[in-house]
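These notes are about the structure you will find just below.
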Amino acid sequence: MSTPHNPLGDRQISRKSLLKAAALAGAVPVLIGGGTALARDTAAAGGNTAPLTPDCHDGDAPTGAQIEGPYFKPGSPLRTNLVTPGTQGTPLTVSGYVFGRNCVPIAGALLDFWQADVNGNYDNSGYTFRGHQFSDANGAYTLGTIIPGLYPGRTRHIHVKVQAPGQSILTTQLYFPNEPRNATDTIFDPALVMTVRQVGNGSQASFDFVLNVNGTPRPSTSPSSSPSGNSPSPSASSSPGGTTTWQVGTSYKVGDQVTYNGVTYVCIQAHTAFAGWEPPNVPALWSRR
Ligand SMILES: [Fe+2]
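So for the sequence shown, the working numbering puts the first residue at 61; every next one is plus one.
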């Protein structure tokens, strides 16, 4: 689902101001302010002790990291909708933006979501309720899913890894407001509570990620286009056939071929390689040849 405004054009308006404007307007779907709310707004509004979200400006606080937990599984499919026919649960749409510290939206950020099903179970043999996507040219993302079920020892949450192109990975979790277990979950962080509204028979949530990067817009506005400004590492070995050894820090474009552990892969999504995203782990980025 696309988002209706370009945050680049709204940089003079704080995200908090937009949220307040939307709230004052009444029953405005959350997507109208798509991504304008940070979790901290909701946490504060819900009575938690989290500080108010500062205006969006240079020096905005990065989103906090959280533990990965035991159920992350690399190689999730590329998709924005985790709901499949027959899926049980309350529909939930999570949307927002990925920003740098300076409030500049980050296009092409990799977001990898995973969560429990309605019964609180993770799919560890397949990829149910697992999926990754890239923020669009405006830094926006949208995830279609359900409200995850509860499981022992935790409050309700969604796991996510967010990575700006070529930058380190933020691993964190998103939470829901007004959950009784928020008060007893030792991992819970009120700064990571989403803004959630009920719309029809489902819920719409928003959360903006602020990554600890400069947030310099990339000339390439889509991860499917060839990145510029980064040349393949000169130290990457090259074979006569043009195949290089996969290497962290190298920018790959669609069609590039690499070898990793003796296996040849073809790049199917332009990206900058990062430890943890080795070709066998990210089938959405690399296809075995
Ligand atoms: Fe979990």
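Yeah, the Cβ is synthetic: ideal placement off N, Cα and C, and Gly gets one too.
Item: If residue 220 sits next to residue 173, beta carbons under 8 Å apart, how far is it from one beta carbon to the other, in whole angstroms?; Value: 5 Å
Item: Between the region 143-152 and the region 176-187, do three or more beta carbon pairs fall short of 8 Å?; Value: yes
Item: Using the C-alpha atoms, what's the distance from residue 170 back to residue 193?; Value: 6 Å
Item: Would you call residue 224 buried or exposed, if buried means 16 or more other Cβ atoms sit within 10 Å of its Cβ?; Value: buried
Item: Identify whether residue 165 lies in helix, strand or coil by the three-state DSSP scheme.; Value: strand
Item: With a threshold of 6 Å on Cβ separation, who are the neighbours of residue 61 within its own chain once the five nearest residues in sequence on each side are excluded?; Value: Bear in mind that the predicted position of residue 61 carries a pLDDT of just 36, short of 50, making it too unreliable to give a figure here.
Item: Please report the straight-line C-alpha distance between residue 233 and residue 126, rounded to a whole angstrom.; Value: 6 Å
Item: Helix, strand or coil for residue 241 per DSSP?; Value: helix
Item: Spatial neighbours of residue 328 within its chain, please: CB distance less than 7 Å, with the 5 preceding and 5 following residues excluded, ordered by chain position.; Value: 314, 345, 346 and 347
Item: What first and last residue would you give for the beta strand (DSSP E) that runs through residue 257?; Value: 255-259
Item: Can you tell which of 326, 253 and 197 has the C-alpha that lies nearest to the C-alpha of residue 218?; Value: 253
Item: Is the CB of residue 274 under 8 Å away from at least one CB in chain C?; Value: Judged by its chain identifiers, the structure shown contains no chain C, having just a single protein chain.
Item: Mind checking whether the beta-carbon of residue 125 lies closer than 7 Å to any heavy atom of ligand 1?; Value: no
Item: My understanding is that residue 267 touches residue 156, with C-beta atoms under 8 Å, so please give their C-beta distance in whole angstroms.; Value: 5 Å
Item: Which value, in whole angstroms, describes the spacing of the CA atoms of residue 311 and residue 138?; Value: 19 Å
Item: Check whether the Cβ atoms of residue 231 and residue 128 lie closer than 8 Å to each other.; Value: yes
Item: Any chance the CB of residue 190 is under 7 Å from a heavy atom of ligand 1?; Value: no
Item: Taking C-beta to C-beta, are residue 323 and residue 271 nearer than 8 Å?; Value: no
Item: Please report the straight-line C-alpha distance between residue 154 and residue 325, rounded to a whole angstrom.; Value: 33 Å
Item: Pick from 245, 228, 304 and 133: whose alpha carbon is nearest that of residue 160?; Value: 228
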